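What follows is a single structure, written as structure tokens, with notes after it.
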Amino acid sequence: MEKMVKMTEGDHSHFMRVAFGHTTPLQPDFEGAGDVQFIDPTLNDSQKDAIRFALAAKDIALIHGPPGTGKTHTLIELIMQMIQRKKRILVCGPSNISVDNIVERLAPNKVPVVRIGHPARLLPSVMEHSLEVLTQTSDAASIVKDVRKEMDEKQASIRKTRTGRERRAIYDDLKLLRKEFRERESKCVDNLVRESSVVLATLHGAGGHQLKNQKFDVVIIDEASQALEAQCWIPLLAAEKVVLAGDHLQLPPTVKSANLKNKEKIGKDTQKKDDSDPAKNETLKGVSLERTLFDRLLALHGSGIKRMLTTQYRMHEKIMRFPSDELYESELIAADSVKDRLLADLPYEVKGTDDTQEPLVFWDTQGGDFPEKTEDDDIGKKEALLGESKSNEMEALVVARHVDNLIAAGVRPESIAVITPYNGQLALLSQMLREKYPGLELGSVDGFQGREKEAVVVSLVRSNAEHEVGFLGEKRRLNVAMTRPRRHLCICGDSETISRGSDFLKHWMSYLEEHADLRYPDAGDLL
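Mapping of the sequence shown onto UniProt numbering: position 429 corresponds to residue 429, and the numbering continues sequentially without gaps.
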């Protein structure tokens with residue numbers, strides 16, 4: 001950020017001017033990009049369209065990949081096409097795992113790639129492509145090794161010397177050798193990076209000394225809607241052309257600092273203080289760390305800079321239909337291979353039951369017998385760590401019963417995930433299920449982004465006379481919750497409370513009442 005502030009008007013790249021709205025993006029040059037001969041025969045039309053668009057774009061292209069639409073798959077083909085066109089590419093992501101995922105998929109294509117990053121943080125499968133390993137195995141590395149060996153020999157000879165003069169002479173030699181070693185090692189690193197068509201690093205890693213004087217034709221950022229904009233600018237300051245891939249309709253990056261939108265938490269006093277400081281107010285107006293570069297560019301330049309992938313390979317059609325209609329302009333299509341898949345069709349033996357033959361189940365706990373509970377302030381530190389977390393014991397019993405039924409029918413615990421937006425509920429469900437089924441995955445909705453399972457059971461928790469839904473009102477969080485399963489989604493919640501939360505929630509409850517296998521649990525039956 002400091003570097004950006006110090007830049008003069010003349011230092012600003014065309015991309016920077018586009019990114020801050022000083023100029024509009026250039027028209028894509030489809031003719032100049034030439035006829036695209038696709039390498040991967042399995043690509044669908046929307047993926048091919050996104051690749052053609054990204055190749056033709058002059059400065060910016062957004063690839064919008066809803067859940068299960070093969071976003072990374074598309075990026076691999078795009079990278080391969082760019083290599084054919086003799087482009088140098090820097091590929092970044094917000095986390096090590098997002099970058100390693102691309103390295104793993106690129107490796108079989110025999111492309112010269114270098115992964116920059118601390119070896120301890122990389123997946124073992126990508127180590128052979130890491131700068132650390134390459135600097136030890138390349139041709140240039142042998143010269144560096146020779147110098148190292150000479151240094152070690154000199155070091156050892158110090159012990160044998162008798163006089164101070166001899167010792168001083170050896171130290172002087174060592175000093176020169178060290179200098180030579182550093183120069184050769186840095187040259188070796190430099191050459192390795194320069195000779196590589198694709199360099200991969202996390203957004204932070206892209207600011208390392210290894211990339212200091214390197215020039216790239218294109219910067220690709222995967223999971224761009226999970227990255228803070230400030231992080232993105234590390235590789236983007238010198239970029240001419242940028243491809244961002246992500247889904248701005250799922251959860252944004254986690255921001256742990258005080259949420260400025262939440263007036264209750266800020267309190268009236270601090271609001272008054274802020275009012276007395278117009279400069280401070282000006283800085284914060286409309287600015288939030290949660291707002292990503294992907295979001296901002298889309299708002300700034302409209303959907304002309306974006307292409308959406310529309311065929312999804314994860315969910316049964318009934319599970320996909322609601323998020324598609326509400327969030328993705330009804331454009332998602334379930335691939336033939338997944339649209340009718342049920343738990344009963346798993347490749348191991350599963351009995352056909354009401355659960356395993358039903359892709360969408362809704363346990364509606366309305367009626368007041370399944371009330372939520374807020375952790376009291378006086379319970380002490382342990383609960384305070386859960387924030388003002390909610391739990392719902394009766395609903396947790398419904399979830400546990402549903403999991404029991406799935407496993408009794410033959411579904412393996414490893415194929416099932418139980419997720420909930422509230423840590424208090426997660427603690428409760430863990431007590432009930434973790435020991436009983438060690439293979440079962442229990443987690444928060446936020447932590448499950450980017451993941452998938454054959455069956456997912458979601459506990460919504462909220463059930464109160466005031467019809468308050470809290471942060472269930474965040475549709476991106478619910479979008480993540482409802483798009484994780486492949487074959488079976490079970491929702492447990494109080495439709496009376498939840499449908500009052502927002503239009504989105506109201507539509508969702510209506511959709512579930514109409515299209516899901518609707519069930520009403522009996523509280524007396526559970527205890």
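Backbone N, C-alpha and C define an ideal beta-carbon position, used for all residues, glycine too.
Predicted model only: the values in this text are computed from it and were never measured.
In the DSSP assignment, the residues bridged to R115 are S130, L200. In chain order, R462, T497, I498, R500, G501, S502, L505 place their CB closer than 8 Å to the CB of V469, counting only its own chain and leaving out the 5 sequence neighbours on each side. Taking the CA atoms as reference points, P108 sits about 12 Å from H129.
Linking A50 to L297 through their CA atoms gives a straight-line distance of about 17 Å.
Excluding residues up to 5 positions away in sequence, Q231, I234 lie with their Cβ nearer than 8 Å to the Cβ of H204 in the same chain.
Every beta strand (DSSP E) of 3 residues or more that sits fully in the stretch 160-214 is shown, in chain order, as 198-202. By the 16-neighbour rule on beta-carbons within 10 angstroms, A408 is exposed. For Q312, the three-state secondary structure derived from DSSP is strand.
Nearest in C-alpha terms to S46, of all of G117, Q27, L75, is L75. With contacts defined as CB atoms closer than 8 Å, R194 and Q214 qualify as a contacting pair. Within the same chain, and ignoring the five residues on either side of E317 in sequence, the residues whose Cβ sits closer than 6 Å to its Cβ are A334, K339. Judged by pairs of C-beta atoms under 8 Å, the stretch 167-182 does not touch the stretch 56-74, as fewer than three such pairs exist. By the Cβ rule, the stretch 319-336 does not count as touching the stretch 79-89, because fewer than three pairs are nearer than 8 Å. Proximity to D190 across P485, E414, V114 peaks at V114, based on C-alpha coordinates. Per DSSP, S430 is one residue of the alpha helix (DSSP H) stretching across 423-433. When DSSP assignments are scanned along the stretch 41-109, the uninterrupted stretches of alpha helix (DSSP H) that are 4 or more residues long and fall wholly within it turn out to be 45-56, 71-84, 96-106. In this structure, the alpha-carbon of L527 lies about 15 Å from that of D404. Just measuring C-alpha positions, the residue of K187, L236, D222, P421 sitting nearest G207 is L236. Listed in chain order, the beta strand (DSSP E) runs fully inside the stretch 307-376 are 360-364, counting runs of at least 3 residues. Bounds of the alpha helix (DSSP H) holding I234 are 229-236. Per the C-alpha coordinates, the member of M1, S459, P28 positioned closest to K241 is P28. If you draw a straight line from the Cα of K154 to the Cα of K256, it is about 52 Å long. Note that the C-beta distance between I416 and L429 is not below 8 Å.
Looking at the backbone, the Cα of R484 and that of G473 are separated by about 19 Å. Distance from the CA atom of D517 to the CA atom of S495, rounded to whole angstroms, is 14 Å. Here the C-alpha atom of S98 lies approximately 33 Å from the C-alpha atom of E358.
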